[in-house]
Amino acid sequence: FGSMPLIVFTIIFFSITCFFSLNPAKIVDIVGKILTPIKLTFIGILVIVAFIHPIGEMQAPVETYTSNAFFKGFQEGYLTMDTLASFVFGIIIINAIKEKGAKTKKQIMIVCAKATIIAATVLAILYTALSYMGASSVAKLGHLENGGEVLAKVSNYYFGSYGGILLGLMITVACLTTSVGLVSACSSFFHKLFPKVSYKKIAVLLSVFSAIVANVGLTQLIAVSVPVLSAIYPLAIVLIFLTFFHSLFKGRREVYQVSLLVTFIISIFDGLAAAGVNIQMVNQLFTRILPMHEVGLGWVFPAIIGAFVGYGISYVRVKNEIHSSIAKVNK
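Residue numbers (our numbering): 13 to 343.
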């Protein structure tokens, strides 16, 4: 059948995504009360069976992970796009919390904190379980190309042909929760940006575009995504950390501007390197002068230094503005 099954599946999948996204008022109830419990049930079945009847003994990591495994895992965490998604999903979550009765900033923060702790705990458990499944399956299944193949082989090992059905349902529901949320949030954003274009038209366009992109396949998507994410993910991380200290530096724009600028200069070269562009001289220079650059985190210290430099610039600016104001009053 060639690529026809994938084409048919993506058309059906994004048609469902579009249908749910056209009812934004019900998004939270659809995801929270229906899709997420189904997803966790499917994953739970697979994880419990894997722990009760492990495929084999834990194996040594492949060469890529024999050293600096934490930093390698940190970078590959970019592929989850959780940090980027938080910018998109944030408004949906806040609006949902308000609809549930939280009115003041303190009430909203308390609910967000509780939800964050629960989500982080569940994610940590799931990722640990999936890591165990992958590591214990190598002896019989060998080294596979990506996590999707590992899940497929493990599901087939435990449940035979039914494993494919279980995995298909699990991944479909998991992806559907994200897909619906993203299309809804992005449609709301672009509708505010371009009020003349209706929310529904944007939701349909995004669904069609996503269906087209989805047909390139997981491995190719990862290959294309890594360079882009290597370039923009550090910016998202720095922006979030600066936000935590927003009141400390009084929200002065220079702190954001300088810190993000130096981060972008370094991360754009990381993106080019991930894309296979030959920038050996730049990499050698950065490795010499930037701590942790060899493990992909060369942007961390420049971002911190940039924040302090930005604060210094803002301090001088504010001081000059005060002097100018005093001089005008004295005149």
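For every residue, glycine included, the Cβ atom is placed at its ideal position computed from N, Cα and C.
| Check | Outcome |
| --- | --- |
| Beta-carbon separation (whole angstroms), S271 vs G318, contact threshold 8 Å | 4 Å |
| Every unbroken beta strand (DSSP E) inside the stretch 203-255 [3 residues or more] | none |
| Of the listed residues M182, I28, H155, nearest to T48 (C-alpha basis) | M182 |
| Rounded distance between the beta-carbons of A132 and V123, thought under 8 Å | V123 to A132, Cβ: 15 Å. No contact. |
| Inter-stretch contact (C-beta, 8 Å, three-pair minimum) for the stretch 276-293 and the stretch 233-246 | yes |
| Span of the alpha helix (DSSP H), counted from its first residue to its last, around R264 | Unbroken run through R264: none, as it is neither H nor E. |
| Same chain only: Cβ atoms within 6 Å of V262, ignoring 5 sequence neighbours per side | At residue 262 the sequence reads Lys, which differs from the Val that was named. For K262, where only same-chain residues beyond five positions count, there are no Cβ hits under 6 Å. |
| Spatial distance of F256 from Y268 (CA atoms) | 12 Å |
| Contact under 9 Å by Cβ, S27 with A215 | no |
| Q87, enclosing alpha helix (DSSP H) - first and last residue | 81-88 |
| Where the alpha helix (DSSP H) through P332 begins and ends | The residue asked about is misnamed: residue 332 is Asn in this sequence, not Pro. N332 -> alpha helix (DSSP H) spans 312-342. |
| Through-space distance from Q296 to E306, alpha-carbon basis | 9 Å |
| 9 Å Cβ cutoff met for F86 and L194 | no |
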